[in-house]
Each structure stands twice: as structure tokens, then as C-alpha cells.
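If you read the protein sequences in the order shown, they are chains A and B. Per the UniProt record's numbering, the very first residue in the first sequence carries number 1; after that it's consecutive. Per the UniProt record's numbering, the very first residue in the second sequence carries number 1; after that it's consecutive. Beta carbons are placed, not taken as given, at the ideal position from N, Cα and C, and that holds for glycine. Here is the structure we will look at, set down as C-alpha cells.
Number of protein chains: 2
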Amino acid sequence: MEIEYCTQCRWLLRAAWYAQEVLTTFPRDLGEVALVPGIGGVFEIRLDGETLWSRKEQKGFPELADLKRQVRDRVAPDRDLGHTDRAGQSSSESS
Amino acid sequence: MEIEYCTQCRWLLRAAWYAQEVLTTFPRDLGEVALVPGIGGVFEIRLDGETLWSRKEQKGFPELADLKRQVRDRVAPDRDLGHTDRAGQSSSESS
């Protein structure tokens, strides 16, 4: 997995936070999470070549629970994410 | 650059700290810094295939100023690291 972040925007800490969150949740399912310095307002999260999030397409930053579900669906589809799954459900129900 | 850390030892935060430090110092000189989950007490830092630090060889963890100097020597040899360089000099003088 790769997280490309804009250095000019000072998004390193934000990128590192996402990296630590997914590595904590999927310590044996991801080969690596790479922090990739970029410019021009980029914030992209890619997994095996697939773009899971692009700030330019989707505006803003991903909801962590949504991102974890996207990662889970690809690397550990049978995994129950516990409160992350339930949080997603109630969020969907309320919207 | 890659930082392989032992998940069993809970060294993710430690690895992420080194990653953020080198990316802050070399935001345009490193293509990426990857956090690589490992097991069995591993803590290795590699740059372009070269091992800069191996806990099994060198015991313990790298001094941050030393690590930054090693990275600088390889990716930006003309760069003055300011107090990191001076800290290294005074450390050498006193040892």
C-alpha cells in the first residue's frame, strides 16, 4: 500500500497516521505501507495499483473506518472489523 | 527506503517515528519510506538495497543523527545537516 501526500501542505503526519492505523489493524495482511512525498495538493492511497482514495477525485480525506473496510475487502475479506464495521453500518443508516 | 520492524515487539510507532524524521529532513530526496511489518525482533533500515541498520548486527536502534548522516551521504551528499552534523562532531569528539 502507498500513501502519497503533499509535502507543501504538510500532510506527512496525516499520512503517517493513516499508515499506522492500517498497519495496526492489518499487521500480517499488508506487505508494507509506503509514505510517498508528493507536491501540488496530492493525497492518494493506493493498494496493489488500485487507487482507494484520491483527494482530487473525492475531495478531502478518507473516513478511517471506510478506508479500513476498503483495505479489508481486498486483503482479508472474511475479517470482522468489529466496531469499525458497526460504525459504518450505523453511519449508513443515519445518512 | 524501507524500515522493517517487528510487530510482535510493537515497534510500529518507533518505525513510524524514524520514517517521519527522515521524510521531514529529506522531503525531496527520498522516493518513499516504506513501513514493513516483520517478526522475530527484526529492526532493519534499508536504502536502495543497502542495509543501513540491522538490530541483529548492531544491537539496539540507530541514533537518529547517525541515521540522517548515513541517508544524507547517499542521497544528498553536499547537504549540511546543521545541528545534526555538529551534534555528530561533538559526540565523536567526546567519545
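For ALA16 (chain A), the closest alpha carbon among the candidates A:GLY60, A:GLY40, A:PHE26 and A:TYR5 is that of A:TYR5. Taking one beta carbon from each stretch, the region 61 to 78 of chain A and the region 51 to 67 of chain B have fewer than 3 pairs nearer than 8 Å; the two do not touch. With fewer than 16 other Cβ atoms from the protein chains shown falling within 10 Å of its own Cβ, ILE39 (chain A) counts as exposed. Taking 8 Å as the threshold, the shortest C-beta distance from ARG28 (chain A) to chain B falls below it. Chain A has no Cβ within less than 8 Å of the Cβ of GLU44 (chain B). DSSP places TRP17 (chain B) in the helix class (H, G or I) of the three-state scheme. In summary, LEU67 (chain B) is buried, with 16 or more beta-carbon neighbours lying within 10 Å of its beta-carbon over all protein chains present.
With distances taken between CA atoms, THR7 (chain A) lies nearest to A:PRO37 out of A:PRO37, A:VAL33 and A:TYR18. The Cβ atoms of ILE3 (chain A) and VAL42 (chain A) lie no closer than 8 Å to each other.
GLU50 (chain B) has a beta carbon lying at 8 Å or more from every beta carbon in chain A.
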